[in-house]
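Undergrad: Chains as they are written, first to last, in my numbering: chain U, 1 to 419; chain V, 1 to 419.
C-beta atoms are modelled at their ideal positions from N, C-alpha and C, and glycine is treated no differently.
Would you mind keeping the following structure in view while I ask a few things?
There are 2 protein chains.
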Amino acid sequence: MKTATVKGTRDYLPREAELRDYMQRQILETYRSFGFRQIITPVLEDIGNLNSSEGGDNLGLMFKVLKRGNKLTAAIANREFESLADMGMRYDLTVPLSRYYAENRAKLVLPMKCIQIGNAYRAENPQRGRYREFIQCDIDMIGVDSYWAEVELIATTATALNSLGIGAFRIRVNDRRILKQLFLSFGFEEDHVSALCVIFDKMDKIGVCGIERELSDKGFYAAACLRMLEYVRSADFSMGRCMRIIGASDYTQNIESIIRAVNEISGAQYRCEFDISLVRGQGYYTGAVFEVESLAYSGSLAGGGRYDNLIGRFLDESVPAVGFSIGFERIFDLLMEQNYVAANGRKRIAVFFEGDYGAAFQCARDLRRDYDVSIFARPKKLGKFLDQLRRDGYTGFCMAEAAPELTFFTPEKVKTVPQ
Amino acid sequence: MKTATVKGTRDYLPREAELRDYMQRQILETYRSFGFRQIITPVLEDIGNLNSSEGGDNLGLMFKVLKRGNKLTAAIANREFESLADMGMRYDLTVPLSRYYAENRAKLVLPMKCIQIGNAYRAENPQRGRYREFIQCDIDMIGVDSYWAEVELIATTATALNSLGIGAFRIRVNDRRILKQLFLSFGFEEDHVSALCVIFDKMDKIGVCGIERELSDKGFYAAACLRMLEYVRSADFSMGRCMRIIGASDYTQNIESIIRAVNEISGAQYRCEFDISLVRGQGYYTGAVFEVESLAYSGSLAGGGRYDNLIGRFLDESVPAVGFSIGFERIFDLLMEQNYVAANGRKRIAVFFEGDYGAAFQCARDLRRDYDVSIFARPKKLGKFLDQLRRDGYTGFCMAEAAPELTFFTPEKVKTVPQ
């Protein structure tokens, strides 16, 4: 028997579980205060739905659930080894949301502002901040095609991140359609745009030389490549420069509206900036894309964008939609590394009894008005046990059968979130 | 593409999701106030661990996860059709708890009082209150072999149930070992005890005649059967009658201690009673078993017992443990049928704007101190939309660009939990 968790999944000790619960609570309550409503979808989805979804690489990382009973026997007997599974574990919360929208549309208030907080599963090679079982925290606004949907999602997500006490961040915004215009203006063809996006996305990692190499590998027009490299070398990815090349359009106006509105309402808390180098991997984005970048830690804290062709897939229609997802596991790992402890407001104390459990219960009942109270039979090695409790975050203890007076521990120095 | 959820799983509309969240929160906070600590284990477990667990019928209902990549190819090529899966979705939270205890014991404070609230999965034929994806809410106390562990679990669970406002209930308690003594006293053999437990467990459903039939089908000693039927016919399942037959023992004393202590601390809120007809299905119980029975609705609201041989399985040792599990899905269905609405404390209002989103944001920001506030662009058919919002639980609305004054809806009559 194996006592370790299966690869890429984790057990959480009480302190970790309490921090995760606290984080989810902060995020959920912020989302709700902005009028978003929680929905819940199953972890399991029909394998056909998942296989025909636009999951890209994620489809290859899917955990599939074996058929059962006669259906399994039949699949094996008929050597249908491609059909051994009838369900899959969801790899994100967006495919379930599309199905949910199609199934429940008549019962929903539209525009729909919804919250999904739940587990998703991918058979990835685990690394720090990336696991095979992970929580996704998504908000989506369905049915609004105007820029204010983007602004609402950005403001809501930024407020949720602030409530977690993870320090300063900035929000980068781009639009795939602007990027496309730019590529075309260099002289590339429409067919090249996807491949160019992939190359552009790697700029941070591979640098200008890397981009030069990748462009020449693909055999694009030399003149277009030269113009692109000149643009990249300048390292000026501002809106102004971009518009000097491609001119103003509905797309640039839309992005400017988003950025202006966000910066008006954000005050000094965070800034929103145009960044043509922001691509974001998923192919399903149709308009603005955005990402929250921590100023204190490397990497992204949240990401999202507009995807007008995905939610309506089950209905074969286009439904405007914007989504934003917080990188829950990344933030949890960051807070744990810094030894943060959930500040849930109630202190925890222990009540000991030697013979009379009833006395301990009465004593605990009285104290429970102000504390979380745990009853224990008095252990033989009381001092050692008290040390354990103190390290485990207990505030103090009392003996039920003596005059029940609370003794407080000298507090450990812990950081609590939010600051 | 299929828009319905996969068999036995459910989508939850906002009102349903909010009630589920509220219920979980009430249960979690009650558990915590009694000093229990939350832990989290993965949904996926090693298939070998699950297959060798004492899950009984549940093993046949397991959702198994297909191997991936070369391992799947190899399993198919070698015709190892029994080894197509390397993991399974947990069918309860007890197997993960045993593994967790073995893996993390050195980091835990013992006795360990733990909470697990999470999804479990079984390929059952779905019916009301029984689903293929369902939430389990468990508390367990590990490392205490005295009766007060049972009392703590019963008091904690009863308090949690009271916080959900599901009406009056009583707690039935029994001990498998007492039942065994009783069967032996009738003249049955030790080998018959398990089969007799199964028959006894069906008493509610099949009645005395059913029991008579089942006993004769099994071909037990006629004299023993006669004595058993006489006992059943009397319908007196009290502790007194039982002790007149089998005499007092450590087991009866233990049960009496539990019942006395629970009734001392419960006040008039609920009663705890001995009931020899309580068997509970799981074979792993080693001592007291208990069940919460609603006085208003048929069926059980929670169940549990002592299982001293399960938690230590991974360590090959006996570890005293008691667990109690709330029937979350059953209670959720009951509350939904009665049209209950989560009382989460914050009222929800809508803010409309016509052109100036920034004005709406400012207006919403001010109102957010007291309300959950959702911004909408003013729809063309405002009256129809307001009707929808009112039915969806909104309290009122305001127009951002007018003098922002709140208009309250005439409230719908809804029941909120707890009462």
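Between the region 98 to 113 of chain V and the region 395 to 411 of chain U, can you find at least three pairs of beta-carbon atoms closer than 8 Å?
TA: The answer is no - the region 98 to 113 of chain V does not touch the region 395 to 411 of chain U, with fewer than three Cβ pairs under 8 Å.
Undergrad: Out of V/I27, V/D217 and V/V109, state which residue places its alpha-carbon closest to the alpha-carbon of U/P379.
TA: Of the listed residues, the one whose Cα sits closest to U/P379 is V/V109.
Undergrad: Could you tell me the alpha carbon to alpha carbon distance between V/F34 and U/K381, rounded to whole angstroms?
TA: Computed Cα separation, rounded: 23 Å.
Undergrad: Just to confirm before moving on: does the CB-CB distance between U/D262 and U/I178 stay below 7 Å?
TA: Per the sequence presented here, residue 262 of chain U reads as Val, with Asp not at that position. Not closer than 7 Å, so no.
Undergrad: Any chance the region 391 to 406 of chain U sits against the region 20 to 34 of chain U, with 3 or more Cβ pairs inside 8 Å?
TA: At 8 Å Cβ cutoff, the stretches do not touch.
Undergrad: Assess contact between the region 136 to 143 of chain V and the region 343 to 360 of chain U, defined as three or more Cβ pairs (one per stretch) separated by less than 8 Å. Is contact present?
TA: Contact between the region 136 to 143 of chain V and the region 343 to 360 of chain U is absent, because fewer than three Cβ pairs lie under 8 Å.
Undergrad: Closer than 8 Å by beta-carbon distance: list the chain U residues that pair up with V/P126, in chain order.
TA: Near V/P126 there are no residues of chain U at all, since even the closest Cβ is about 12 Å away, more than 8 Å.
Undergrad: For the region 72 to 97 of chain V, which residues have a CB atom closer than 7 Å to at least one CB atom of chain U, in sequence order?
TA: Those would be I76, F81, L84, A85 and M87, in chain order.
Undergrad: Throw me the rounded Cβ distance for the V/E45 and V/M87 pair, which I believe falls under 8 Å.
TA: So it is a contact: roughly 7 Å between Cβ atoms.
Undergrad: Spatial neighbours of U/N254 within its chain, please: C-beta separation below 6 Å, excluding the five flanking residues on both sides.
TA: The answer, listed in chain order, is Y147.
Undergrad: If the cut is a Cβ gap below 8 Å, which residues of chain V does U/I206 touch?
TA: Ordered by position in chain V, no residue passes the 8 Å Cβ test against U/I206, which lies about 28 Å from the chain.
Undergrad: Buried or exposed for V/Q419, going by 16 or more other Cβ atoms inside 10 Å?
TA: Confidence at V/Q419 is low in this model, with a pLDDT of 42, below 50, so the placement of that residue should be treated as unreliable; the coordinate-derived value is given next. With fewer than 16 Cβ atoms within 10 Å of its Cβ, V/Q419 is classed as exposed.
Undergrad: Assuming contact is defined by CB atoms lying nearer than 7 Å, are V/F81 and U/I76 in contact in what I supplied?
TA: Yes.
Undergrad: Under 8 Å by Cβ, that's how I've got U/N174 and U/F274 pegged, so tell me the actual separation to the nearest angstrom.
TA: With 8 Å as the limit, U/N174 and U/F274 qualify as a contact, their Cβ atoms being about 7 Å apart.
Undergrad: CB-CB under 7 Å to U/Y91, same chain, minus the five flanking residues each way: which ones, in chain order?
TA: Excluding positions up to five away in sequence, the list reads G55, N58, L61, M62, A120, Y121 and R122.
Undergrad: For V/C242, tell me which candidate among V/D191, V/F186 and V/R280 has the shortest Cα-Cα distance.
TA: If we check each option's Cα against that of V/C242, V/F186 comes out closest.
Undergrad: Name the one or two DSSP bridge partners that V/G323 has.
TA: According to DSSP, which records beta bridges pairwise, V/G323 is partnered with V/D140 and V/G305.
Undergrad: Name the chain U residues that come within less than 9 Å of V/R426, Cβ to Cβ?
TA: Residue 426 of chain V is absent from the model: chain V starts at 1 and stops at 419.
Undergrad: How would you write the range of the beta strand (DSSP E) that V/N434 sits in, first residue to last?
TA: Coverage of chain V is limited to positions 1 through 419, which leaves residue 434 of chain V absent and any answer about it impossible.
Undergrad: When you compare the region 321 to 338 of chain U with the region 161 to 171 of chain U, are there three or more beta-carbon pairs, one atom per stretch, that lie closer than 8 Å?
TA: Yes, since at least three Cβ pairs between the region 321 to 338 of chain U and the region 161 to 171 of chain U fall closer than 8 Å, the two stretches touch.
Undergrad: In its own chain, which residues sit with a C-beta less than 8 Å from the C-beta of U/L278, not counting the 5 before and 5 after it?
TA: Only R172, V173, N174, V289, F290 and E291 meet the Cβ criterion.
Undergrad: From the DSSP output, in three-state form, read off U/G240 for me.
TA: Reduced to three states, the DSSP call for U/G240 is helix.
Undergrad: Using a Cβ-Cβ cut-off of 7 Å, state whether V/P320 counts as contacting chain U.
TA: Cβ-Cβ to chain U under 7 Å: no for V/P320.
Undergrad: Considering only the beta carbon of each residue, do U/E337 and U/E401 sit closer than 7 Å?
TA: In this structure, U/E401 does not lie closer than 7 Å to U/E337 by Cβ.
Undergrad: In the DSSP assignment, what residue or residues form a beta bridge with V/V351?
TA: According to DSSP, which records beta bridges pairwise, V/V351 is partnered with V/I375 and V/C398.
Undergrad: Do V/P14 and U/R32 have their C-beta atoms within less than 7 Å of each other?
TA: In this structure, U/R32 does not lie closer than 7 Å to V/P14 by Cβ.
Undergrad: Count the other CB atoms within 10 Å of the CB of U/L295; is the residue buried (16 or more) or exposed (fewer)?
TA: Burial call: exposed.
Undergrad: By Cβ distance below 6 Å, which residues in the same chain neighbour U/R137 in space, the five residues on each side in sequence not counted?
TA: According to the sequence as given, residue 137 of chain U is Cys; it is not Arg. I27, I117, I326 and F328.
Undergrad: Counting only the same chain and skipping the five closest in sequence on each side, list residues whose C-beta sits under 6 Å from that of V/M203.
TA: These residues qualify, in order along the chain: S277.
Undergrad: Determine the DSSP secondary structure at V/A364, reduced to helix, strand or coil.
TA: V/A364 falls in the helix class under three-state DSSP.
Undergrad: According to DSSP, what are the bridge partners of U/S146?
TA: None; U/S146 has no bridge partner.
Undergrad: Measuring CB to CB, does U/Y285 end up less than 7 Å from U/R176?
TA: Going by C-beta atoms, U/Y285 is nearer than 7 Å to U/R176.
Undergrad: What residues in the region 232 to 262 of chain V have a beta carbon less than 8 Å from any beta carbon of chain U?
TA: Per Cβ criterion, the list reads A261.
Undergrad: Indicate whether V/A321 and V/I311 have their beta-carbon atoms separated by less than 7 Å.
TA: Closer than 7 Å, so yes.
Undergrad: Roughly how many angstroms lie between the CA atoms of V/R213 and V/R130, to the nearest whole one?
TA: Spanning the two alpha carbons is a distance of roughly 29 Å.
Undergrad: Contact criterion: CB-CB distance below 7 Å. Does V/S266 meet it with respect to chain U?
TA: Chain U contact via Cβ: absent.
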